[in-house]
Amino acid sequence: MRNGKLTTSEIEQLTEIHQRQFKGETLTSICKDLGIDRKTFYRRRQLPQWQEFEKELNDKLLENSYHEIMNTVVLKAKQGSHPHAKLYLEATGRLKSSRELREEEEKRRTSGSTSPLDISELRRMFEEDKKLRLIE
1 MRNGKLTTSE IEQLTEIHQR QFKGETLTSI CKDLGIDRKT FYRRRQLPQW QEFEKELNDK
61 LLENSYHEIM NTVVLKAKQG SHPHAKLYLE ATGRLKSSRE LREEEEKRRT SGSTSPLDIS
121 ELRRMFEEDK KLRLIE
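Structure follows, in structure tokens:
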């Protein structure tokens, strides 16, 4: 590391370590292949520059995986998986707290509506989600 910045070699090493760990390789085998002592890796991992670069790598990984993950979540939710439906609602900001649901129920009772969501609202939400996934 020079002047508080990662060298090209360090960036390449950290990128390779990150990618190989993501694929399931152990840190021990990766470090052995790269000729890096594990203690050296852990010491470097504590440096703010390494932590920041590792965070960037994780962010890119998540960004690249988002659509694939969301498609899987939607598919499983459509197949009736409650945990996947809940995850989908959380991820899209549509999961409501018990308090919010009670307040909405009270509003429906006072307005005369019996359905929490009517068909047109469900269609609107579905179309909105479809557009979002096409845009991203």
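Using full-length UniProt numbering, read the sequence shown as starting at 1 and increasing by one per residue.
Heads up, the beta-carbon is just placed ideally off N, CA and C, and yes, glycines get one too.
Predicted model only: the values in this text are computed from it and were never measured.
- Secondary structure within the region 33-112: the alpha helix (DSSP H) runs of 4 or more consecutive residues, fully enclosed, are 38-45, 48-78, 82-91 and 98-111 (chain order).
- For Lys-23, the three-state secondary structure derived from DSSP is coil.
- For Gln-79 and Glu-68, the gap between their C-alpha atoms comes out near 17 angstroms.
- Rounded to whole angstroms, the separation of the alpha carbons of Gly-35 and Leu-75 is 43 angstroms.
- The C-alpha of Ser-9 is placed about 16 angstroms away from the C-alpha of Leu-57.
- Note on geometry: alpha-carbon atoms of Gln-21 and Lys-107 lie some 51 angstroms from one another.
- Listed in chain order, the non-local C-beta contacts of Asp-129 below 7 angstroms within the same chain comprise Thr-92, local neighbours out to five positions each way being set aside.
- Annotation for Phe-53: Leu-6, Ile-11 and Leu-14 place their beta carbon closer than 8 angstroms to its own, counting only its chain and skipping 5 residues before and after.
- Taking all protein chains in view, the Cβ of Tyr-88 is crowded by 16 or more other Cβ atoms within 10 Å, so the residue is classified as buried.
- Its chain contains no residue whose beta carbon lies nearer than 7 angstroms to that of Leu-122 once the 5 sequence neighbours on both sides are disregarded.
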